[in-house]
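Have a look at the structure below, then the notes.
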C-alpha cells in the first residue's frame, strides 16, 4: 500500500499553507522564522564558474551520498563545480567543523551542508554567510537555525514519521502492541523523527512504548539496540527506528533471535532499506527521495548565487512504502543511489 503524504501543516515555526505550489525545479519556498533568513542580496560569488562545497555530516551513510548524486546531476547540467567534503563517521563532529573551517579559507561560492550538531556548526556558517557565500542546509526542516542562513531543503521530518505511525495504526491498530523505539544520535533530527512517531500513536490505547534507546544512526548501533530491546522485552511486537540503517540492524537482531513476527518500521527510503522491505525483512519505511532532495538543493543554491532564490524552506516529498510500494520505487533505479542490487 502506498500513501502519498500531502502535508498541509508544517513543522513548528513554519507558516501553514493550504497547498504547496510547484515551481519548475522545486516547490515554492516557505519563509523561515523571523531573524532566521540571511539576506540573498548579500551573496557575492567569487568565481565565474560557481564552486560549491557539499558538506554532509558523514560518508558512512549512503543516504547523504544519494543526496550528493542529485547535487552532482544538476551541477553537470548547469556547468558548475561541486565537491564533497565530510568525515567518515557521523559522530565525528570535530572533524566536520575542521572541514568547514578549511572551506572558509578557499574560493568557494556556496556551502550545502547537513550536520548532527547545529550549534557547533553555527558560528562557522555565520562566517561563511558574512564572507558572501550562499549557505543552504539539506535533509532538514529546521525553521530557525542558530544563525541566519539562506535556505533549508528537506522533508517535514515530524510529519513523515507521524504518517508512518498513522499507517501502523491503520494496519495493526486493532490489537494491543508493545513498541520499542530506536532513536538516532541526540539532536534535532532524532527529536523530530521520534517525536512525530510518538505524536502519531498518542492517545491510541493499543500502542504502548516500553523502551526507547539510542542506535547511533548506523546499522551496527541498530543491531546492538535491537538486540538489547528484544532480549529485555521478549513480548515486543513492533520497533520503530529513526532511520533505515538502524532498522536494518534491528532486523538482523530479530533474525538472530528467531523473531520473524516483529513489525519493523524505518525512515529514509535508502536503497538498502527498500530492498530489505522488498525481501520481506523490514515492514515499511518513510521514503524521503534523497536523490530528488539533492537536485532541489542544487537548483536552489544556483538560484541563490544568481540572486533569484527568495530564501526559505523547500519541502521535498515523502511517501510510506511497504513491500509493494518499495518494489515500485526500486523499479525506477535512475532515481536511486546506490543502484539496487538487482532488477525489480
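Numbering (mature numbering (1 follows the signal peptide of the UniProt record, and there is no 0)), first residue to last: -23 to -1, 1 to 321. Just so you know, even glycine gets a beta-carbon here, dropped at the ideal spot from N, CA and C.
Self-check item: Distance between residue 74 and residue 105 (C-alpha atoms, nearest Å)
Solution: Residue mapping note: residue 105 aligns to position 128 of the chain shown, counting from 1. Residue mapping note: residue 74 aligns to position 97 of the chain shown, counting from 1. Those two C-alpha atoms are separated by around 13 Å.
Exercise. Return no unless some Cβ of chain E is closer than 7 Å to the Cβ of residue 265.
Key: Among the protein chains of the structure shown there is no chain E, as only one such chain exists.
Quiz item: Exposed or buried, residue -14, counting other C-beta atoms within 10 Å across all chains shown (16 or more means buried)?
Solution: Start at 1 with the first residue of the chain shown, and residue -14 comes out as number 10. Any reading at residue -14 needs caution, since the residue's pLDDT is 30, under 50, leaving its predicted position unreliable; the model's value is listed next. When all chains shown are included, residue -14 counts as buried.
Self-check item: Coil, strand or helix - residue 18 by DSSP
Solution: In the chain shown, the residue the question calls residue 18 occupies position 41. In this structure, residue 18 counts as helix in the three-state DSSP scheme.
Exercise. Pick out whichever of 318, 302, 289 and 265 has its Cα sitting closest to the Cα of residue 43.
Key: As a position in the chain shown, residue 43 is number 66, starting the count at 1. Checked all of 318, 302, 289 and 265; the closest Cα to residue 43 is 265.
Self-check item: Given residue 91 as reference, the closest of 76, 107, 68 and 117 once Cα atoms are compared
Solution: Against the chain shown, residue 91 aligns to sequence position 114. Out of 76, 107, 68 and 117, 117 has the C-alpha closest to the C-alpha of residue 91.
Quiz item: Just curious, the alpha helix (DSSP H) that residue 158 is in, first and last residue?
Solution: What you label residue 158 is simply residue 181 of the chain shown in a count that begins at 1. No alpha helix (DSSP H) contains residue 158, which is instead part of the beta strand (DSSP E) from 154 to 160.
Quiz item: Counting only runs that start and end within the region 179 to 231, where is the alpha helix (DSSP H) found for 4 or more residues in a row?
Solution: 196 to 209
Practice problem: Flag residue 143 as yes when its Cβ comes closer than 6 Å to any non-hydrogen atom of the ligand FMN, and as no otherwise. | Solution: With respect to the ligand FMN, the structure offers nothing, as it holds no ligand at all.
Quiz item: Leaving out five residues before and five after residue -3 in sequence, what residues of the same chain have Cβ atoms less than 8 Å from its Cβ?
Solution: Mapped onto the chain shown, residue -3 falls at position 21. Annotation note: pLDDT 34 at residue -3 (below 50); position unreliable, coordinate value reported separately. Same-chain partners within the cutoff: 4 and 5.
Quiz item: Sorted by chain position, which residues of the same chain lie with C-beta nearer than 8 Å to residue 56's C-beta, five sequence neighbours on each side aside?
Solution: Position 79 of the chain shown, counted from the first residue, corresponds to residue 56. Non-local C-beta neighbours of residue 56 in its own chain, meaning closer than 8 Å and more than five positions away in sequence, comprise 26, ordered along the chain.
Quiz item: beta strand (DSSP E) containing residue 248: first to last residue?
Solution: Locating residue 248 in the chain shown gives position 271, where the first residue counts as 1. Counting along the chain, residue 248 falls outside any beta strand (DSSP E), though it belongs to the alpha helix (DSSP H) covering 248 to 255.
Quiz item: From residue 290 to residue 2, what does the alpha carbon distance come to, in whole angstroms?
Solution: As a working note, residue 290 is residue 313 in the chain shown. As a working note, residue 2 is residue 25 in the chain shown. Computed Cα separation, rounded: 14 Å.
Quiz item: Taking the C-alpha atoms as reference points, what is the distance between residue 12 and residue 149?
Solution: For the purposes of this step, residue 12 is taken as residue 35 along the chain shown, with counting starting at 1. For the purposes of this step, residue 149 is taken as residue 172 along the chain shown, with counting starting at 1. If you take the alpha carbons of residue 12 and residue 149, they lie about 43 Å apart.
Quiz item: Using the beta-carbon count (16 or more within 10 Å), is residue 96 buried or exposed?
Solution: Along the chain shown, one-based indexing puts residue 96 at 119. The residue in question, residue 96, is exposed, as its Cβ has fewer than 16 Cβ neighbours within 10 Å.
Exercise. Within its chain, find whatever has a CB closer than 8 Å to the CB of residue 269; leave out the 5 residues flanking it on each side and keep chain order.
Key: Looking up residue 269 in the chain shown gives position 292. For residue 269, where only same-chain residues beyond five positions count, the Cβ hits under 8 Å are 47, 293, 294 and 312.
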